[in-house]
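Protein chains: 2
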Amino acid sequence: MELSPLLADANIEIGNIEHLSFASKIIESYKNAKIIVLADENTYRFCWNKLIVAVEFLQTAELIIIPPGEENKTLDTCSNVWEILSNYKVGRHDLIINLGGGVITDTGGFIASVFKRGIHFINIPTTLLGMIDASFGGKTGVNIENYKNQLGVFNNPIATYIDKSFLYTLPTNHIKNGFAEIIKHALINDTILWERIVKIKELSEIFSDDIFKRALKVKIEIVNADPKELGLRKILNFGHTIGHAIEGHFFNFYRLEHGHAVALGMIAESYIATKIDKLSMNEFRQIINFIKKYFLIPSIAKTEITEIVELMKNDKKNYEGKIQCALIDKIGHCMYDQPIDEELITESLIFLFFSKHEV
Amino acid sequence: MELSPLLADANIEIGNIEHLSFASKIIESYKNAKIIVLADENTYRFCWNKLIVAVEFLQTAELIIIPPGEENKTLDTCSNVWEILSNYKVGRHDLIINLGGGVITDTGGFIASVFKRGIHFINIPTTLLGMIDASFGGKTGVNIENYKNQLGVFNNPIATYIDKSFLYTLPTNHIKNGFAEIIKHALINDTILWERIVKIKELSEIFSDDIFKRALKVKIEIVNADPKELGLRKILNFGHTIGHAIEGHFFNFYRLEHGHAVALGMIAESYIATKIDKLSMNEFRQIINFIKKYFLIPSIAKTEITEIVELMKNDKKNYEGKIQCALIDKIGHCMYDQPIDEELITESLIFLFFSKHEV
Chain H
1 MELSPLLADA NIEIGNIEHL SFASKIIESY KNAKIIVLAD ENTYRFCWNK
51 LIVAVEFLQT AELIIIPPGE ENKTLDTCSN VWEILSNYKV GRHDLIINLG
101 GGVITDTGGF IASVFKRGIH FINIPTTLLG MIDASFGGKT GVNIENYKNQ
151 LGVFNNPIAT YIDKSFLYTL PTNHIKNGFA EIIKHALIND TILWERIVKI
201 KELSEIFSDD IFKRALKVKI EIVNADPKEL GLRKILNFGH TIGHAIEGHF
251 FNFYRLEHGH AVALGMIAES YIATKIDKLS MNEFRQIINF IKKYFLIPSI
301 AKTEITEIVE LMKNDKKNYE GKIQCALIDK IGHCMYDQPI DEELITESLI
351 FLFFSKHEV
Chain B
1001 MELSPLLADA NIEIGNIEHL SFASKIIESY KNAKIIVLAD ENTYRFCWNK
1051 LIVAVEFLQT AELIIIPPGE ENKTLDTCSN VWEILSNYKV GRHDLIINLG
1101 GGVITDTGGF IASVFKRGIH FINIPTTLLG MIDASFGGKT GVNIENYKNQ
1151 LGVFNNPIAT YIDKSFLYTL PTNHIKNGFA EIIKHALIND TILWERIVKI
1201 KELSEIFSDD IFKRALKVKI EIVNADPKEL GLRKILNFGH TIGHAIEGHF
1251 FNFYRLEHGH AVALGMIAES YIATKIDKLS MNEFRQIINF IKKYFLIPSI
1301 AKTEITEIVE LMKNDKKNYE GKIQCALIDK IGHCMYDQPI DEELITESLI
1351 FLFFSKHEV
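Residue numbers (our numbering), protein chains in the order written: chain H, 1 to 359; chain B, 1001 to 1359.
1. Looking at C-alpha atoms only, which residue of B:Val1223, B:Glu1269 and B:Asp1329 is the closest neighbour of Asp1277 of chain B?
2. Just to check my reading of the structure: Gly141 of chain H and Asn149 of chain H have Cβ atoms closer than 8 Å, yes? What is that Cβ distance to the nearest angstrom?
3. Within the 7 Å Cβ cut-off, does Val153 of chain H reach chain B?
4. Note down, in chain order, each residue of its chain lying with its Cβ closer than 8 Å to the Cβ of Thr191 of chain H, except the 5 sequence neighbours on either side.
5. Run through the DSSP bridge pairs and tell me what Leu1095 of chain B is partnered with.
6. Are there 16 or more other CB atoms within 10 angstroms of the CB of His1019 of chain B, so buried, or fewer, so exposed?
7. Chain H partners of Asn1314 of chain B, CB-CB under 7 Å?
8. Name, please, each residue of chain H whose Cβ falls closer than 9 Å to the Cβ of Gln1286 of chain B.
9. From the DSSP output, in three-state form, read off His333 of chain H for me.
10. Between which two residues does the beta strand (DSSP E) harbouring Ile1132 of chain B extend?
11. Alpha carbon to alpha carbon, how far is Glu343 of chain H from Met281 of chain H?
12. Just curious, the alpha helix (DSSP H) that Asn1143 of chain B is in, first and last residue?
13. Please report the residue range of the alpha helix (DSSP H) in which Ser272 of chain H lies.
14. Got a sec? Which residues, its chain only, sit under 6 Å from Met1131 of chain B by beta carbon, not counting five neighbours each side?
15. Give me the Cα-Cα distance between Phe166 of chain H and Phe110 of chain H, rounded to the nearest whole angstrom.
16. Could you check what DSSP says for Pro1125 of chain B in three-state terms: helix, strand or coil?
17. Using a Cβ cut-off of 8 Å, pull out every chain B residue sitting near Lys234 of chain H, in sequence order please.
18. Lys73 of chain H touches chain B at which residues, Cβ-Cβ below 8 Å?
19. Output needed in chain order: residues of the segment 39-58 of chain H with a Cβ under 9 Å from some Cβ in chain B.
20. Is there a C-beta anywhere in chain B that falls below 7 Å from the one on Thr29 of chain H?
21. Inspect the beta-carbon positions of Leu1085 of chain B and Tyr1030 of chain B and report whether they are closer than 7 Å.
22. With 16 as the cutoff for other CB atoms within 10 Å, does Glu320 of chain H come out buried or exposed?
23. Within the continuous alpha helix (DSSP H) that includes Lys176 of chain H, where are the two ends?
24. Applying the criterion that 16 or more other CB atoms from any shown protein chain within 10 Å of the CB defines a buried residue, is Gln324 of chain H buried or exposed?
25. Kindly indicate which three-state DSSP category Phe1154 of chain B falls into: helix, strand or coil?
26. Helix, strand or coil: which one does DSSP assign to Thr1303 of chain B?
27. Of all the CB atoms in chain B, is at least one closer than 7 Å to the CB of Glu320 of chain H?
28. Mapping DSSP to helix, strand and coil, what is Glu71 of chain H?
29. Contact between the segment 1063-1083 of chain B and the segment 1008-1024 of chain B is defined here as three or more beta-carbon pairs at a separation below 8 Å; is this criterion met?
30. Is it right to say Gln338 of chain H is buried, meaning 16 or more other beta carbons lie within 10 angstroms of its own, or is it exposed?
31. Looking at C-alpha atoms only, which residue of B:Pro1067, B:Val1153 and B:Phe1022 is the closest neighbour of Lys1050 of chain B?
32. Given a limit of 9 Å on CB to CB distance, which residues of the segment 1138-1172 of chain B reach chain H?
33. By the three-class DSSP mapping on this structure, what secondary structure does Tyr1147 of chain B have?
34. Measure from the alpha carbon of Gly108 of chain H to the alpha carbon of each residue in H:Asn146, H:Asn87, H:Leu151 and H:Lys89, then state which is nearest.
35. Verify the CB distance criterion: does Val1114 of chain B have a CB-CB separation below 7 Å to chain H?
36. Along the chain, where does the beta strand (DSSP E) containing Tyr1030 of chain B start, and where does it finish?
Right under this line is the structure:
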């Protein structure tokens, strides 16, 4: 299937925000509405101005600015914003614009979906992770302590506007967050994308239209086929079962980026797939070598492995107390609902953190 | 339409809970699941035992008991319960049973709908208001301070079990909460029900099957026609625009029951309907006389009227800053989205609280 109709169905537009339907939509549908913009300190500083250029009267919108970072993707943040919305007397016909990365679109999407049983929201992702993944597909949510996305609903923004020029404001570690998801999209569903990305010489090449749009297409097609994650969509969690637990574990003492954690999770989960004879040793070697070129393996103490496994016991995908993973059986194809023994998970983490990765 | 297929479609069963499908559903579908029961101190004391008699192995369920009352229908309560669910490692295939009145089913429904983007829940209403109204129809939610149901989602329980024997544990003011909704259902949609209830000699007559089931039928039919309240369903808000504001206003210093507030709201909104020549003086007189037989008019200071009107400005049904009401144009028929001037609302409150109601 071509990308354009897919994008239109998902209400996603890509381009310079001044030339997208953003301005006309705001002016036509929300001229008399209250407009609330949710941003973080960075996107307020670097991205907000571009929105005002696109739609001048947004200058009168109410800005709510939260501190940046995953540690603010909490119910407390929501609670504060809900109180502000109540005080502004925001109603069912008003609009929230989420301007930011995954934290802002996940949190803001949840805030809007629950306020007065749901008000409209628009997502404007400003990070690569947001553009490739977080800003569309219907998942919204916040964390409870170090359990990721424990609260949330499935609900779609009325539109997502992707303006790649926002990417040039980002530091490299942010780019890597999105890059990990692009690698994942290639590994689970698109061998051509995989062959393309292993050839890149500079990280900035991943902004190129061919890579960017292939990565988007993978997610849109999967989400369209299974919006509520009853089956197929679970393959998008490849690398995330172990990745989320690693991210959660590091959360309290060191900020490990989401994409970094997912990249590590993909190595560990590929190890498991190889161990149970699903994935060939040769492909596993390609995967591990490629990921390690861009992501370092952090040091941990052996005792921390048990703590990481413990966190996995609260994963949303578990069934009857058993940890379940999405596992690739070859590059470009992924299986879901694979129950994994705790021992094998422990073994994969020992391989990841304490071996030389010679396979 | 007959009631039985309507009830089946809405997954509602009425009868002694020991004889309903409750036990078989739990045993067949949730034998290996974690089961969490949300109750308040009263329903734990008076209703919980009946559930164990129906399904013995519920003795091993995790009980979460919250203090009773509208003042606990808050995000804080949800936050505490979510933390407990996280610690219990409750997963997507587990079950929450809400055992209680509207506060428990509204709050518990919201808790379940948002936890891990939605887990299953069953409602077992124990109050008349719960049975007639709150426990089905898809609305879940909690309050923010004295703004009612500011947070919530539309989502249905997998089943609602109505056992009228729970009603015999209730004090009269609780019965009146449900009675107000029965009056509302009659006024907006069912003249036969109205004629039936004006003839009752004892309040307990409203438990009789003919009244009870007609009142249920009104709500089920309206909700089926418009589950997300885009149009018709708004007539169920008759009495609630002003009623919610009165309830919210009293909230901080005196506990005015929801049904009592709605009954007062129905008088004020009927006054408005008469003033704008929609409702005849004769029917208005019947309504006011009947409601006053069962509900007292509380005393307030004149200055409080402005405060009540102020609260209405945050009502979910407002459009472009204008307060909107559902108004009856005759007994048994209701219109929605009626914009009302602030002055007329003020006048209706002065009539309600400061006149002798001679019409």
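Each residue gets a CB set at the ideal place from its N, CA and C atoms; glycine is no exception.
Based on what the coordinates show:
1. As a working mapping, residue 1277 of chain B is identified with position 277 in the second sequence. When only C-alpha atoms are compared, the closest one is B:Asp1329.
2. Indexing the first sequence from 1 puts residue 141 of chain H at position 141. Indexing the first sequence from 1 puts residue 149 of chain H at position 149. Confirmed, about 4 Å.
3. The residue labelled residue 153 of chain H in the question sits at position 153 within the first sequence. Answer yes: the Cβ-Cβ gap between Val153 of chain H and chain B drops below 7 Å somewhere.
4. As a position in the first sequence, residue 191 of chain H is number 191, starting the count at 1. Excluding positions up to five away in sequence, the list reads Ile331 and Gly332.
5. By 1-based counting over the second sequence, the position of residue 1095 of chain B is 95. Paired residue(s): B:Ile1035 and B:His1120.
6. Your numbering for residue 1019 of chain B matches position 19 in the second sequence. Classification for His1019 of chain B: exposed.
7. Against the second sequence, residue 1314 of chain B aligns to sequence position 314. Simply Ser86 and Lys89.
8. What you label residue 1286 of chain B is simply residue 286 of the second sequence in a count that begins at 1. Here the premise fails: no neighbours, minimum Cβ distance about 34 Å.
9. By one-based count along the first sequence, residue 333 of chain H stands at place 333. In the structure shown, His333 of chain H sits in a strand (DSSP, three-state: E or B).
10. Start at 1 with the first residue of the second sequence, and residue 1132 of chain B comes out as number 132. Per DSSP, Ile1132 of chain B belongs to no beta strand (DSSP E) and is neither H nor E.
11. Residue 343 of chain H sits at position 343 when you count from the first residue of the first sequence. Residue 281 of chain H sits at position 281 when you count from the first residue of the first sequence. Cα to Cα, Glu343 of chain H sits roughly 20 Å from Met281 of chain H.
12. Position 143 of the second sequence holds residue 1143 of chain B. That residue, Asn1143 of chain B, is in no alpha helix (DSSP H); its beta strand (DSSP E) goes Val1142 to Ile1144.
13. Position 272 of the first sequence, counted from the start, is the residue given in the question as residue 272 of chain H. Just to set this straight, residue 272 of chain H is Ile in the shown sequence, not Ser. Residues His258 to Lys275.
14. If you number the second sequence from 1, residue 1131 of chain B lands on position 131. Answer for Met1131 of chain B: Pro1125 and Ile1162, listed in chain order.
15. One-based indexing of the first sequence puts residue 166 of chain H at position 166. One-based indexing of the first sequence puts residue 110 of chain H at position 110. So the alpha carbons of these two residues sit roughly 23 Å apart.
16. Within the second sequence, residue 1125 of chain B is the residue found at index 125, counting from 1. The answer is strand: DSSP assigns Pro1125 of chain B an E or B state.
17. Taking the first sequence and counting its residues from 1, one reaches residue 234 of chain H at position 234. Here the premise fails: no neighbours, minimum Cβ distance about 11 Å.
18. Counting from one through the first sequence, the residue named residue 73 of chain H turns up at place 73. Those within 8 Å of Lys73 of chain H in chain B number zero; the least Cβ separation is about 15 Å.
19. none
20. Locating residue 29 of chain H in the first sequence gives position 29, where the first residue counts as 1. One detail in the question is off: residue 29 of chain H reads as Ser in this sequence, not Thr. Ser29 of chain H does not count as touching chain B.
21. Here residue 1085 of chain B refers to the residue found at position 85 when the second sequence is read from its first residue. Here residue 1030 of chain B refers to the residue found at position 30 when the second sequence is read from its first residue. For Leu1085 of chain B and Tyr1030 of chain B, no; Cβs fall outside 7 Å.
22. Position 320 of the first sequence, counted from the first residue, corresponds to residue 320 of chain H. Result: exposed.
23. The residue you call residue 176 of chain H lines up with position 176 of the first sequence. Looking at the DSSP string, the run of the alpha helix (DSSP H) that includes Lys176 of chain H is Thr172 to Asn189.
24. The count along the first sequence starts at 1 and reaches residue 324 of chain H at position 324. By the neighbour-count rule (16 or more Cβ atoms within 10 Å), Gln324 of chain H is buried.
25. Counted from its first residue, the second sequence places residue 1154 of chain B at position 154. Here Phe1154 of chain B sits in strand by DSSP.
26. The count along the second sequence starts at 1 and reaches residue 1303 of chain B at position 303. In this structure, Thr1303 of chain B counts as coil in the three-state DSSP scheme.
27. Here residue 320 of chain H corresponds to residue number 320 of the first sequence, with the count starting at 1. So, interface residue.
28. Within the first sequence, numbered from 1, the residue matching residue 71 of chain H stands at position 71. Looking at Glu71 of chain H - three-state DSSP - the assignment turns out to be helix.
29. no
30. The residue given as residue 338 of chain H occupies position 338 in the first sequence. Gln338 of chain H comes out buried.
31. Translated into positions along the second sequence, residue 1050 of chain B becomes position 50. Considering only alpha carbons, the answer is B:Phe1022.
32. Lys1139, Thr1140, Gly1141, Ile1144, Glu1145, Tyr1147, Asn1149, Gln1150, Leu1151, Gly1152, Val1153, Phe1154 and Asn1155
33. Residue 1147 of chain B sits at position 147 when you count from the first residue of the second sequence. Reduced to three states, the DSSP call for Tyr1147 of chain B is strand.
34. Residue numbering aside, residue 108 of chain H sits at position 108 when the first sequence is read from its first letter. Per the Cα distances, H:Leu151.
35. One-based indexing of the second sequence puts residue 1114 of chain B at position 114. Yes, Val1114 of chain B counts as interfacial toward chain H.
36. If you number the second sequence from 1, residue 1030 of chain B lands on position 30. Segment: none, Tyr1030 of chain B is in no beta strand (DSSP E) and carries neither H nor E.
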